[in-house]
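Presented below is the structure to which this report refers.
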Amino acid sequence: MPLTIVFLGKEEKNFQYILSAFSDGAYHFDFVQLEQLESASSRLREANLIILDTLPYPERQFGRFYALRQDARLATTPVLALVKDTPPRLRYRLVNMGITDYLAVPFDRLDLQVRVRNILASNHRPASPESASPGQASAVKALQILKTMHREMDNSILNLDRDEFLNKVLAALRELCNAHFAMLFEPGEEDELILSHVQPGDELLQPGLRLGISDTPILLKALRAGEPTFLSSISPDNPFVTLVNSFFNLKAQSVIVCPIQVQNPLEAPGAPGGQAPPGLTPAGSALPGFAAAGPAPGEQLPRGQTPRGQAIRSVLCILKTDREKLTEYHYLLVQNFARLLIHSYQISSLQQEMKERLNNRAWQFYFEFLEQVLDQISFGILVVGQGRRIAYLNANAAALLSVAAPEALHRPLGEILGEETADTILRAGRETVAGGERPEFELPTAEGKPKLVGFSVQEFTDKRSQEQGYIISLKDITSNKEIQEEMRRVDRLASLGVLVSGIAHEIRNPLAGIKAMVQTFQDELAEDDPKNEYVERIIRLVNRLDKLLRTLFSYAKPSKPNRQYCSIETILTDVVSLVRQKLRQNNIKLAERLHPELPKVFIDPSQIQQVLVNLLLNSIEAIDKGGEISISIYPFDPATVNGGRNRLSRLASGNGEQYVEIKIRDNGCGISPENLKHIFNPFFTTKPFGTGLGLSIVYQIIKENAGQIYYESKEGEGTTCYLYLPAQRISQLQMQEAGE
Numbered sequence: 013m014p015l016t017i018v019f020l021g022k023e024e025k026n027f028q029y030i031l032s033a034f035s036d037g038a039y040h041f042d043f044v045q046l047e048q049l050e051s052a053s054s055r056l057r058e059a060n061l062i063i064l065d066t067l068p069y070p071e072r073q074f075g076r077f078y079a080l081r082q083d084a085r086l087a088t089t090p091v092l093a094l095v096k097d098t099p100p101r102l103r104y105r106l107v108n109m110g111i112t113d114y115l116a117v118p119f120d121r122l123d124l125q126v127r128v129r130n131i132l133a134s135n136h137r138p139a140s141p142e143s144a145s146p147g148q149a150s151a152v153k154a155l156q157i158l159k160t161m162h163r164e165m166d167n168s169i170l171n172l173d174r175d176e177f178l179n180k181v182l183a184a185l186r187e188l189c190n191a192h193f194a195m196l197f198e199p200g201e202e203d204e205l206i207l208s209h210v211q212p213g214d215e216l217l218q219p220g221l222r223l224g225i226s227d228t229p230i231l232l233k234a235l236r237a238g239e240p241t242f243l244s245s246i247s248p249d250n251p252f253v254t255l256v257n258s259f260f261n262l263k264a265q266s267v268i269v270c271p272i273q274v275q276n277p278l279e280a281p282g283a284p285g286g287q288a289p290p291g292l293t294p295a296g297s298a299l300p301g302f303a304a305a306g307p308a309p310g311e312q313l314p315r316g317q318t319p320r321g322q323a324i325r326s327v328l329c330i331l332k333t334d335r336e337k338l339t340e341y342h343y344l345l346v347q348n349f350a351r352l353l354i355h356s357y358q359i360s361s362l363q364q365e366m367k368e369r370l371n372n373r374a375w376q377f378y379f380e381f382l383e384q385v386l387d388q389i390s391f392g393i394l395v396v397g398q399g400r401r402i403a404y405l406n407a408n409a410a411a412l413l414s415v416a417a418p419e420a421l422h423r424p425l426g427e428i429l430g431e432e433t434a435d436t437i438l439r440a441g442r443e444t445v446a447g448g449e450r451p452e453f454e455l456p457t458a459e460g461k462p463k464l465v466g467f468s469v470q471e472f473t474d475k476r477s478q479e480q481g482y483i484i485s486l487k488d489i490t491s492n493k494e495i496q497e498e499m500r501r502v503d504r505l506a507s508l509g510v511l512v513s514g515i516a517h518e519i520r521n522p523l524a525g526i527k528a529m530v531q532t533f534q535d536e537l538a539e540d541d542p543k544n545e546y547v548e549r550i551i552r553l554v555n556r557l558d559k560l561l562r563t564l565f566s567y568a569k570p571s572k573p574n575r576q577y578c579s580i581e582t583i584l585t586d587v588v589s590l591v592r593q594k595l596r597q598n599n600i601k602l603a604e605r606l607h608p609e610l611p612k613v614f615i616d617p618s619q620i621q622q623v624l625v626n627l628l629l630n631s632i633e634a635i636d637k638g639g640e641i642s643i644s645i646y647p648f649d650p651a652t653v654n655g656g657r658n659r660l661s662r663l664a665s666g667n668g669e670q671y672v673e674i675k676i677r678d679n680g681c682g683i684s685p686e687n688l689k690h691i692f693n694p695f696f697t698t699k700p701f702g703t704g705l706g707l708s709i710v711y712q713i714i715k716e717n718a719g720q721i722y723y724e725s726k727e728g729e730g731t732t733c734y735l736y737l738p739a740q741r742i743s744q745l746q747m748q749e750a751g752e
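Residue numbers (our numbering): 13 to 752.
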């Protein structure tokens with residue numbers, strides 16, 4: 013009675029090639045559509061073998077194949093799956109689902125026939141192992157070993173030890189074929205094979221058997237055919253047998269030589285431009301000249317031709333020394349176990365590819381992370397290598413030096429900073445700065461005012477190239493220097509204030525006595541006495557000294573401000589009325605620009621009035637007759653202004669404080685850069701009869717009122733005074749209007 017084979021798949025026409033392979037009438041064939049699996053379960057139960065076509069279904073739909081093993085009545089029915097040759101994981105999934113065996117497409121008719129016969133034979137073997145024939149028992153054992161090895165490969169796909177696995181395959185083949193040796197050769201020099209694995213006897217690998225391909229006909233035939241070639245009876249003068257017998261000290265009777273063909277990544281489908289798709293680069297080198305083109309799309313692959321995109325990576329040899337000859341069964345065994353070797357090569361390549369990708373990603377992550385860290389630190393990092401050329405600079409260093417990072421790389425440091433500055437910096441790396449102070453240098457800017465940059469230098473050695481270089485850290489310390497200078501000024505003023513207060517007090521008491529005695533003396537003189545003129549002159553000089561002492565007391569012990577919210581417009585009106593006569597006398601124009609919605613300022617109005625009067629009088633005195641003074645007052649938010657403006661460096665921009673900016677500009681004689689540094693120092697003056705205390709007192713008053721004062725000036729062009737006073741918070745819309 014013929015055995016029943018059921019085709020299970022999408023379309024019956026896909027099985028025509030299989031039908032043509034079985035024309036002897038030994039089998040009955042039926043077709044069941046996979047979509048009708050449940051309704052046709054009774055027909056499947058009658059099958060002796062199910063051939064499952066998985067090709068039309070994407071991998072995400074492989075779950076539907078579980079139904080073949082979930083039905084208890086189908087659990088013992090063998091299933092042969094037709095599966096795509098790549099990727100290898102498809103066949104692993106099928107094996108894990110419980111599929112009996114698989115056949116990679118394209119396949120040879122003979123391979124199909126032998127595979128079907130073996131599956132049917134193993135499925136219908138006698139229940140008692142003692143009653144099974146030796147051939148059946150060997151086939152069952154071979155299937156079990158294949159299944160076990162596939163599972164092992166599947167479970168260890170990321171950590172498969174290829175050498176250990178190859179030895180297992182060779183040991184299994186040697187046992188199943190009852191062979192004397194199972195050997196694996198890999199490419200050596202051109203036209204040469206070198207023995208790389210052998211079972212049994214790894215000690216035979218040293219010094220190693222070498223075979224010349226062109227001198228060994230059986231190797232040449234197998235490599236050109238691209239499939240197993242076997243000799244069941246070997247002539248003693250065969251070059252291959254002669255060499256092997258002399259190496260192993262035996263007499264070979266029959267041999268199978270099987271080329272191991274692995275996907276060629278440069279010709280693999282989906283590899284554009286000849287680039288290898290990820291994970292398909294095989295381990296080892298291909299044998300030169302043994303990669304052949306396959307059939308055109310739709311054609312069947314002729315027997316013996318190497319498929320398109322494949323190359324021979326190694327050669328498997330099975331050697332028998334007894335009288336038992338190698339058969340078609342052994343040929344089939346070698347073919348199936350050769351697939352395990354192919355997959356081990358591919359998995360090894362996947363492992364290597366994944367390792368390289370992980371390493372690359374790890375390096376990329378560390379590099380990007382480090383670059384982000386270096387770009388976000390608050391100081392510049394500059395690495396100078398051989399030839400004093402810039403090897404690296406972070407974003408802060410590029411901004412500090414006003415250069416684009418890509419343009420600065422590999423350029424000499426002297427081109428960026430100037431040779432003299434570069435020499436100073438690198439010399440500091442070899443010297444210790446006196447007092448442990450951080451060295452610094454001036455960096456010119458586009459605005460004309462130099463930027464003060466502090467730096468430190470550390471010598472280093474690149475361990476990869478043993479190249480000597482320097483790591484330079486840079487920090488803009490212009491604002492820090494200004495703050496330090498201001499703190500020194502405050503300390504100096506405080507110390508001077510204590511001294512002045514004591515001296516003024518000691519002078520004022522005897523001065524009061526002198527004035528009292530002079531007035532008493534004046535009372536005793538007659539009105540027409542000529543001595544009255546001397547007495548009055550003494551009194552005037554005493555009064556002048558007393559006025560100076562009051563100024564000194566005002567400087568030494570300024571009164572605490574009575575701060576309150578008030579209108580800056582009202583204060584300005586009172587100030588202008590006080591200096592209007594002075595403006596007319598000197599023919600000076602006064603221009604006022606006030607924002608229409610100014611917030612109230614939180615100050616002592618009388619003190620700020622004194623400040624504004626003093627500042628306007630200074631501007632008037634600096635102008636030759638016929639000049640102009642402008643006063644502009646606008647709301648001001650430090651958070652909306654570029655922090656690089658030095659006059660704003662100490663305003664409370666981080667806590668939402670609001671200010672009013674008062675800008676007083678004149679077109680007078682201006683102040684030299686040297687004098688501009690000292691204008692707030694007590695007793696510093698350029699006026700013939702000045703005391704030098706006016707701006708010192710102004711500075712203290714502004715400081716006591718939580719404001720800031722800043723001067724900009726150019727000799728011969730005029731002076732601008734910026735005054736910032738704390739104010740009420742105003743809306744964002746008002747700030748935008750102020751900016752306009």
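Note that CB positions come from ideal geometry on N, CA and C, so glycine has one too.
(message) Would L486 and G392 qualify as a contact pair, given that the criterion is a beta-carbon distance under 8 Å?
(response) yes
(message) Among I600, A183, V623, D636, whose alpha-carbon lies nearest the alpha-carbon of Q720?
(response) V623
(request) Identify, in the order they occur along the chain, each residue of the same chain with its Cβ nearer than 7 Å to the Cβ of V445, setting aside the five sequence neighbours on each side. (result) Confidence at V445 is low in this model, with a pLDDT of 47, below 50, so its placement is unreliable and the value that follows should be read with caution. Hits under 7 Å: P451.
(message) By the three-class DSSP mapping on this structure, what secondary structure does A739 have?
(response) strand
(request) Could you work out which residue in E427, I131, H162 is closest to L106 when comparing CA atoms only? (result) H162
(request) For my contact list, S245 and K337 are in at a C-beta cut-off of 8 Å; report their separation, rounded to the angstrom. (result) 7 Å
(message) Taking the alpha helix (DSSP H) that G706 belongs to, which residues open and close that run?
(response) 706-716
(message) Contact between the stretch 88-96 and the stretch 113-131 is defined here as three or more beta-carbon pairs at a separation below 8 Å; is this criterion met?
(response) yes
(request) Reducing DSSP to helix, strand and coil, say where K25 ends up. (result) helix
(message) Once the 5 residues before and after S356 are set aside, which same chain residues still bring their CB inside 6 Å of it?
(response) R174, F177
(message) If you reduce the DSSP assignment to three classes, tell me which class K337 lands in.
(response) coil
(request) Rank A33, S134, R76, Q28 by C-alpha distance to the C-alpha of L49 and give the top, closest one. (result) R76
(request) Determine contact between the stretch 720-738 and the stretch 675-690, defined as no fewer than three beta-carbon pairs at a distance below 8 Å. (result) yes
(message) Just verifying my parser: in three-state terms, what is the DSSP assignment at T732?
(response) strand
(request) Closer than 7 Å by C-beta to F648: which residues in its own chain qualify, once you throw out the five before and the five after it? Chain order, please. (result) Y671, V672, E673, Y736
(request) Identify, in the order they occur along the chain, each residue of the same chain with its Cβ nearer than 7 Å to the Cβ of L221, setting aside the five sequence neighbours on each side. (result) L207, F259
(request) Could you work out which residue in I489, A411, H192, P424 is closest to A458 when comparing CA atoms only? (result) A411
(request) Excluding the 5 residues preceding and the 5 following V625 in the sequence, name in chain order all residues of the same chain whose CB lies nearer than 8 Å to its CB. (result) V587, L590, V591
(request) Would you kindly work out how many angstroms separate the C-alpha atoms of R605 and F692, rounded to a whole number? (result) 27 Å
(message) Quick check on P424: does DSSP put it in helix, strand or coil?
(response) strand
(request) Quick one: grab the DSSP three-state call for Y69. (result) coil
(request) Measure the C-alpha to C-alpha separation of A73 and I17 and round it to an integer number of angstroms. (result) The residue asked about is misnamed: residue 73 is Gln in this sequence, not Ala. Roughly 24 Å between the two C-alpha positions.
(request) Starting from P199, trace the beta strand (DSSP E) both ways and give me its first and last residue. (result) 193-199
(request) Just the C-alpha distance for A718 and D678, rounded to the nearest angstrom, thanks. (result) 25 Å
(request) Measure the Cβ-Cβ separation of L223 and V269 and say whether it is below 8 Å. (result) no
(request) Measure the C-alpha to C-alpha separation of L235 and V327 and round it to an integer number of angstroms. (result) 8 Å
(message) Assuming contact is defined by CB atoms lying nearer than 8 Å, are G238 and I324 in contact in what I supplied?
(response) yes
(request) Answer with buried or exposed for G639, where buried requires no fewer than 16 other C-beta atoms within 10 angstroms of its C-beta. (result) buried
(message) Could you check whether S618 and I676 sit closer than 8 Å to each other, using their CB atoms as the reference points?
(response) no
(request) With distances taken Cα to Cα, identify the nearest neighbour of E58 among T89, I713, P611. (result) T89
(request) Spell out the partners DSSP gives C270 in its beta bridges. (result) L328
(message) Taking the alpha helix (DSSP H) that I620 belongs to, which residues open and close that run?
(response) 617-634
(message) So, at 6 Å on beta carbons, what are the nonlocal neighbours of A739 in its own chain, with the 5 sequence-adjacent residues on each side left out?
(response) P611, V613, Q670, Y671, V672
(request) Would you mind sorting V385 into buried or exposed? The rule is 16 or more other CB atoms within 10 Å of its CB. (result) exposed
(message) Residues in the same chain with beta-carbon distance under 7 Å from N574, minus the five sequence neighbours each way, listed in chain order, please.
(response) D616
(message) Taking the beta carbon of L205 as the centre, do at least 16 other beta carbons fall within 10 Å, making it buried, or is it exposed?
(response) buried
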